[in-house]
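Residue numbers (the UniProt record's numbering): 1 to 488.
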């Protein structure tokens with residue numbers, strides 16, 4: 001072009017930004033004879049959307065210094081940066097500038113401010129801005145519901161969900177996912193049933209959340225059956241959830257069937273990792289390693305998660321040499337630098353096999369200080385082998401890192417109890433009481449009909465069917481005693 005006006009320059013920048021070619025956009029921007037607010041806004045939004053937050057903020061600040069009159073769109077990129085960075089201070093500054101500029105009535109900007117506060121976990125600030133808004137679209141209702149659900153405040157999430165004028169699949173899914181995170185699988189599945197009854201079409205993420213919530217094979221099969229009946233083509237995440245659900249329910253054959261039905265060309269590393277992990281958890285270490293070889297053979301390279309799964313498989317199957325070989329070759333062969341989780345798996349592998357000398361040698365050579373992952377692994381293997389001194393050291397480190405966690409106290413107590421040392425056990429209980437550290441009650445659950453019954457250690461005395469429960473328990477105890485007597 002012999003003659004380029006501001007409009008053509010801006011279109012060129014916009015084209016490069018939309019194509020993700022920010023370096024070229026920057027070259028064009030730097031060569032512009034003159035710039036307007038559109039030029040600056042395009043660069044701010046481009047860098048913000050690509051995740052390059054520092055550059056986005058630099059362009060925004062330079063726009064404010066340039067003297068060019070900014071507009072509502074000038075804040076769009078900054079607020080995108082706020083949402084992505086989850087930095088509360090940055091969001092408050094942006095909120096203040098939008099307020100001073102008089103653009104707070106803009107629905108898009110207000111939604112971005114609420115979204116950013118919700119992502120930072122500042123639900124009080126998000127709710128205040130939400131309540132001030134006159135016009136509220138579905139997106140902002142869902143953002144707030146999702147924010148409460150992620151923080152585990154299901155009461156507030158439910159309150160908003162009930163008030164929401166038009167409930168969409170995303171809002172239903174946000175609430176379901178919240179219950180799943182909280183461990184309330186029965187509530188999540190109840191919501192899913194209501195959603196289906198109201199003919200609201202579930203999303204892919206709805207299915208993956210519900211499959212995570214399934215406490216029984218029966219529930220998981222019902223969800224899978226619904227997907228087949230309604231011709232839902234599952235994405236890789238849902239397929240991974242199906243494999244995991246069947247594996248957790250003890251139906252490894254079904255996991256393998258789902259995996260095999262998903263085409264070779266569609267299987268990504270995440271899907272392979274899920275199937276390898278399922279085999280590992282069922283104690284099939286050799287089969288898991290053969291699957292890793294198959295994955296590499298067809299051109300899918302392992303990632304850091306794959307190595308965690310491989311090391312875990314070797315640990316659970318007692319494949320010490322194979323596990324050490326994989327650990328030592330991961331950087332050379334695949335460019336994966338071992339992190340805390342990899343070292344924790346290696347320590348668990350060596351510890352279970354009783355190789356404490358090599359375990360300590362590996363720990364001394366670590367390029368970083370051991371954190372919770374590693375000390376937890378050491379504490380676990382110390383209990384298996386009754387290594388009181390090492391267990392005590394690991395427990396002390398874990399208590400230092402997380403004073404409110406009951407796990408190190410309980411495991412160290414168990415190590416002493418296994419050795420018959422009751423005095424330290426009482427002492428540890430006293431320390432827990434003094435520090436107000438409470439052991440979380442273990443929970444069991446069983447699917448009966450459409451309901452999932454949950455029990456803790458003291459629930460039996462208060463259960464409405466306690467007489468039947470204890471009658472069955474007494475009968476079982478009598479049968480076991482009879483069996484034991486016949487053996488002796």
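From the three backbone atoms N, C-alpha and C, an ideal C-beta is built for every residue, glycine too.
C-alpha distance - residue i paired with residue j, whole-angstrom precision
i	j	result
residue 111	residue 337	40 Å
residue 369	residue 28	47 Å
residue 33	residue 95	33 Å
residue 236	residue 309	18 Å
residue 231	residue 184	28 Å
residue 26	residue 48	14 Å
residue 396	residue 382	13 Å
residue 194	residue 154	17 Å
residue 143	residue 246	32 Å
residue 475	residue 218	27 Å
residue 327	residue 311	7 Å
residue 50	residue 387	51 Å
residue 120	residue 423	46 Å
residue 66	residue 53	20 Å
residue 170	residue 334	38 Å
residue 128	residue 179	24 Å
residue 207	residue 223	7 Å
residue 10	residue 2	16 Å
residue 489	residue 305	A query on residue 489 cannot be resolved here, the shown segment of the chain reaching from 1 to 488 and no further.
residue 436	residue 82	38 Å
residue 192	residue 201	10 Å
residue 114	residue 63	24 Å
residue 455	residue 331	46 Å
residue 8	residue 17	14 Å
residue 426	residue 181	35 Å
residue 213	residue 186	7 Å
residue 496	residue 389	Outside the shown range of the chain (1 to 488) lies residue 496, about which nothing can therefore be said.
residue 341	residue 274	17 Å
residue 398	residue 357	22 Å
residue 320	residue 313	10 Å
residue 493	residue 294	Residue 493 lies beyond the range of the chain shown here (1 to 488); nothing can be said about it.
residue 464	residue 477	22 Å
residue 482	residue 469	20 Å
residue 343	residue 393	18 Å
residue 35	residue 93	26 Å
residue 480	residue 488	13 Å
residue 6	residue 44	18 Å
residue 329	residue 59	44 Å
residue 86	residue 124	16 Å
residue 302	residue 283	21 Å
residue 130	residue 46	27 Å
residue 226	residue 172	17 Å
residue 364	residue 371	14 Å
CB contact flag (residue i, residue j, <8 Å)
i	j	result
residue 37	residue 13	no
residue 258	residue 276	no
residue 307	residue 291	no
residue 498	residue 298	A query on residue 498 cannot be resolved here, the shown segment of the chain reaching from 1 to 488 and no further.
residue 204	residue 234	yes
residue 79	residue 116	yes
residue 351	residue 377	yes
residue 262	residue 252	no
residue 300	residue 269	yes
residue 374	residue 391	no
residue 145	residue 188	no
residue 168	residue 138	yes
residue 428	residue 413	yes
residue 31	residue 56	no
residue 359	residue 322	no
residue 255	residue 211	no
residue 74	residue 106	no
Supposed contact pair residue j and residue i - C-beta distance, whole angstroms, cut 8 Å
i	j	result
residue 286	residue 317	7 Å
residue 346	residue 325	Not really, about 11 Å apart at Cβ, beyond 8 Å.
residue 432	residue 406	7 Å
residue 530	residue 209	A query on residue 530 cannot be resolved here, the shown segment of the chain reaching from 1 to 488 and no further.
residue 88	residue 122	6 Å
residue 411	residue 379	5 Å
residue 109	residue 159	Going by Cβ atoms, the distance from residue 109 to residue 159 rounds to 25 Å, so no, they are not a contact pair.
Cβ-heavy atom distance, residue i to the ligand FAD, below 7 Å
i	result
residue 94	This structure lacks the ligand FAD, and indeed carries no ligand of any kind.
Length at least 4, wholly inside the region 65 to 135: the alpha helix (DSSP H) runs in chain order: Those alpha helix (DSSP H) runs which fall completely within the region 65 to 135 and span 4+ residues are 74 to 85, 88 to 101, 107 to 119, 123 to 132.
What beta strand (DSSP E) runs, 3 residues minimum, are completely inside the region 301 to 338? The qualifying runs do not exist here; there are none.
Complete beta strand (DSSP E) runs within the region 393 to 427 (minimum length 3 residues, chain order): Uninterrupted beta strand (DSSP E) stretches at least 3 residues long and entirely within the region 393 to 427 do not occur.
In the region 261 to 308, which residue ranges form an unbroken beta strand (DSSP E) of at least 3 residues, counting only runs that do not cross its ends? none
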